[in-house]
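When you line the sequence shown up against our numbering, it's residues 1419 to 1524, in that order.
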Amino acid sequence: MATNGSLNDMEQWRSVVEYRRRKRNPAYTHQTRHSVPAYLDEWEEAILTDVRGPYQSAENARRQASRDASDRGRSARIVRVYVERASLAWEPFDERDPETKKWGGS
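What follows is the structure, encoded as structure tokens:
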């Protein structure tokens, strides 16, 4: 992830779009394509998810989520659109002994 030196470098964002697809019509075949619709006016129970990211700012993630929801909205039912944040926190991993000058985890 590229950084610009700001405090926001400690966070990453991603966009999430949850949606449902239309149910396929079991009566639809190649022979009946002119008289029977391909999809029913019902939605599948399964909720599918599009996740994109990481992004450096919430605004970039919001823009991507809006684009994805707009694209999906033509052929699917949007259930939920949101942005997730992950805070990056520094934690001790390995420590060097000042007397022996050796690393503890090696």
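Built from N, CA and C at the ideal position, the CB exists for glycine as well.
As the structure is a prediction and not an experimental result, all values here were calculated from the model.
Alpha carbon of residue i to alpha carbon of residue j, nearest angstrom
| i | j | result |
| --- | --- | --- |
| Ala1445 | Asp1468 | 30 Å |
| Tyr1473 | Ala1479 | 6 Å |
| Glu1462 | Ser1488 | 19 Å |
| Asp1459 | Lys1441 | 7 Å |
| Arg1490 | Met1428 | 31 Å |
| Glu1517 | Arg1503 | 41 Å |
| Asp1486 | Val1501 | 12 Å |
| Ser1505 | Ser1484 | 23 Å |
| Arg1495 | Val1454 | 22 Å |
Range covered by the alpha helix (DSSP H) that runs through residue i
| i | result |
| --- | --- |
| Asp1512 | No alpha helix (DSSP H) contains Asp1512, which DSSP labels as neither H nor E. |
| Arg1485 | Ala1476 to Arg1490 |
Cβ separation of residue i and residue j, assumed to be a contact under 8 Å, to the nearest whole Å
| i | j | result |
| --- | --- | --- |
| Ala1476 | Trp1431 | 5 Å |
| Arg1470 | Gln1482 | 5 Å |
| Ile1465 | Val1499 | Actually they do not touch by this definition, with Cβ atoms about 12 Å apart. |
Selection from the options that minimises the alpha carbon distance to residue i
| i | options | result |
| --- | --- | --- |
| Ala1456 | Leu1466, Asn1443, Gln1449 and His1448 | Asn1443 |
Residue i, enclosing beta strand (DSSP E) - first and last residue
| i | result |
| --- | --- |
| Arg1432 | Glu1429 to Arg1442 |
| Pro1472 | Leu1466 to Tyr1473 |
| Leu1506 | It is not in any beta strand (DSSP E) - Leu1506 carries neither H nor E in the DSSP assignment. |
| request: Check whether the region 1435-1443 touches the region 1504-1511, counting contact only when three or more Cβ pairs, one atom from each stretch, lie closer than 8 Å. | output: Contact annotation: the region 1435-1443 does not touch the region 1504-1511, with fewer than three C-beta pairs closer than 8 Å.
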